[in-house]
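Participant:
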């Protein structure tokens, strides 16, 4: 398993294929292999696909209280340098889509393109109000898929997924909503993908994104909910491959 060291952490990733680089960022409590194995294989004939486990996730090291989005961004930029990825296409899902978007906003020279699955622009609620809605462990156990809970058990223990989710909830509450005028300055090609049954707030934010940036287009996957790439993999793989073909990378 390839690894790299950054910020005193030993971080795991996988890579497959050759060609222009694609860096895939998984969602909250996911892992690189769980989120992207099918997509990576489908793109590997024409692209080099890199799928990291974010800090605190999967086989990567964890430090309690250090899941700030800014730290994860720096981890990923270190991976870009470590693997000499140049200007990769950035693909992200949900929380990973927010990371990819903010990387592009902070470092507009970095991405060749942005592909965001179930993208979001942050919360419009106050930090106190958002934190007050943090779900209890009991609520998380009722709602969170068993397969996601088990991704971290071997490396970090059976209850690690709860720690991840509760910290990420607090971190989300602290993040400022991305202004539409900031989105307008992105110059790389942008593809937004969401399911027809996704969270209405995410669907609305994708529509606002497209309205704010002429380089963005949106595709709705009929019948899909939040994780369209998992429930409708062939359709999403085709959409992404066509997008990359259209922009000539």
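Numbering (the numbering used here), first residue to last: 261 to 509. Just so it is clear, CB atoms sit at the ideal spot from N, CA and C, and this is done for glycine as well. All values reported here derive from a predicted model rather than from experimental measurement.
(1) Would residue 367 and residue 282 be called neighbours here (beta carbons separated by less than 8 Å)?
(2) Does the Cβ of residue 425 have 16 or more other Cβ atoms within 10 Å, making it buried, or fewer, making it exposed?
(3) Can you find at least 3 beta carbon pairs, one from the segment 443-459 and one from the segment 475-484, that sit closer than 8 Å?
(4) For residue 370, which residues of its own chain have a beta-carbon under 8 Å away from its beta-carbon, when the five flanking residues on both sides are left out?
(5) Could you check whether the segment 326-337 touches the segment 302-310, counting it as contact only if at least three pairs of C-beta atoms, one from each stretch, sit closer than 8 Å?
(6) Let me check understanding here. Comparing Cα to Cα, which of 394, 280, 322 lies closest to residue 415?
(7) In chain order, which alpha helix (DSSP H) runs of at least 4 residues are fully inside the segment 338-417?
(8) Rounded to whole angstroms, how far is the Cβ of residue 356 from the Cβ of residue 285, which I believe are closer than 8 Å?
(9) Less than 8 Å separating the beta-carbons of residue 515 and residue 273?
(10) Would you report the Cα separation of residue 409 and residue 488, rounded to the nearest angstrom?
(11) What does DSSP give as the partner residues of residue 284 in its beta bridges?
(12) I'd like to know whether the C-beta atoms of residue 397 and residue 422 end up nearer to each other than 8 Å.
(13) Would you grab the beta carbon distance between residue 320 and residue 314 for me? Rounded to a whole angstrom, and I think it's under 8 Å.
(14) Taking the C-alpha atoms as reference points, what is the distance between residue 278 and residue 394?
(15) Go through its chain and collect everything with a Cβ distance to residue 442's Cβ below 7 Å, but skip five positions before and after it.
Facilitator: Reading it off the structure:
(1) The sequence position of residue 367 within the chain shown is 107, counting from 1. The sequence position of residue 282 within the chain shown is 22, counting from 1. Taking 8 Å as the Cβ cut-off, residue 367 and residue 282 do not qualify as a contacting pair.
(2) For this step, residue 425 is matched to residue 165 along the chain shown. It is buried - the Cβ of residue 425 has at least 16 other Cβ atoms within 10 Å.
(3) yes
(4) Here residue 370 refers to the residue found at position 110 when the chain shown is read from its first residue. Around residue 370: 337, 340, 347, 348, 350, 363, 364.
(5) no
(6) The residue labelled residue 415 in the question sits at position 155 within the chain shown. For the residues 394, 280, 322, the minimum Cα distance to residue 415 belongs to 322.
(7) 355-366, 387-392, 397-403, 406-410, 413-416
(8) Start at 1 with the first residue of the chain shown, and residue 356 comes out as number 96. Start at 1 with the first residue of the chain shown, and residue 285 comes out as number 25. Between residue 285 and residue 356 the Cβ distance is about 3 Å, and since that is below 8 Å, they are a contact.
(9) Only positions 261 to 509 of the chain appear in the structure, and residue 515 is not among them; the question remains open.
(10) Within the chain shown, residue 409 is the residue found at index 149, counting from 1. Within the chain shown, residue 488 is the residue found at index 228, counting from 1. Distance between the alpha carbons of residue 409 and residue 488 is about 20 Å.
(11) Here residue 284 refers to the residue found at position 24 when the chain shown is read from its first residue. The partner list for residue 284 (beta bridge, DSSP) reads 351.
(12) In the chain shown, the residue the question calls residue 397 occupies position 137. In the chain shown, the residue the question calls residue 422 occupies position 162. Closer than 8 Å, so yes.
(13) The sequence position of residue 320 within the chain shown is 60, counting from 1. The sequence position of residue 314 within the chain shown is 54, counting from 1. Sure, about 7 Å apart at Cβ, within 8 Å.
(14) Position 18 of the chain shown, counted from the first residue, corresponds to residue 278. Position 134 of the chain shown, counted from the first residue, corresponds to residue 394. Each residue's alpha carbon lies about 42 Å from the other.
(15) If you number the chain shown from 1, residue 442 lands on position 182. Answer for residue 442: 365, listed in chain order.
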